[in-house]
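Read through the structure below, which is laid out as structure tokens, and then see the notes.
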Amino acid sequence: MDEARFTFERFTLPLKGEIHRAARALTGNDADALDLTQEAYLRAWRAFPSYRENERFRPWFFTILRHAHVDACRRRKVRPATVDPGEMEEPAAPPSTDGLSEEMQAALERLRPAHHLLLLLRHAQG
């Protein structure tokens with residue numbers, strides 16, 4: 072196995088379940104989620120030579136996933152879905168709000184659901 076492929080797999084394999092859950096949340100069904108996941112992996116592999124290892128891989132890959140979703144929606148002439156955490160599959164361990172002040176928790180509650188989820192995941196999982 073060549074070094075680039077090994078490195079790509081080393082970065083993507085730990086994210087496999089999370090990528091599929093995000094694709095499922097964006098598309099609303101398993102069939103489209105699988106297509107979106109495959110497209111994101113293909114785009115990421117093609118762009119991997121331009122990836123710099125000092126960048127964080129997870130945000131880089133999820134940006135590719137989001138762009139693939141928007142492009143697929145444009146091709147089908149539908150509006151990209153807004154991720155609603157209520158429609159997402161439950162993660163193995165829900166993001167914790169431990170350590171957040173009441174003021175911060177109140178501010179999170181005022182955000183759109185997708186932004187709220189992103190910040191909680193960032194806080195919980197880095």
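Per this note's numbering, the sequence shown runs over residues 72 to 197.
Virtual Cβ for every residue (Gly too), placed ideally from N, Cα, C.
Proximity winner among the options, relative to residue i (alpha-carbon distances)
i	options	result
A118	A93, A139 and R145	A139
Y112	M175, R145 and R76	R76
F132	R147, A94 and D103	A94
G88	E124, T108 and A102	T108
E110	R127, E126 and V141	V141
A115	R129, N100 and L97	R129
P120	R147, L136 and T78	T78
Coarse secondary structure for residue i, derived from DSSP in three states
i	result
E89	helix
R127	coil
Y112	helix
D232	There is no way to answer for residue 232, as the model of the chain reaches only from 72 to 197.
S172	coil
D73	coil
P165	Only weak support exists for where P165 lies, its pLDDT of 42 falling under 50; the value from the coordinates is given anyway. Residue state, collapsed to three classes: coil.
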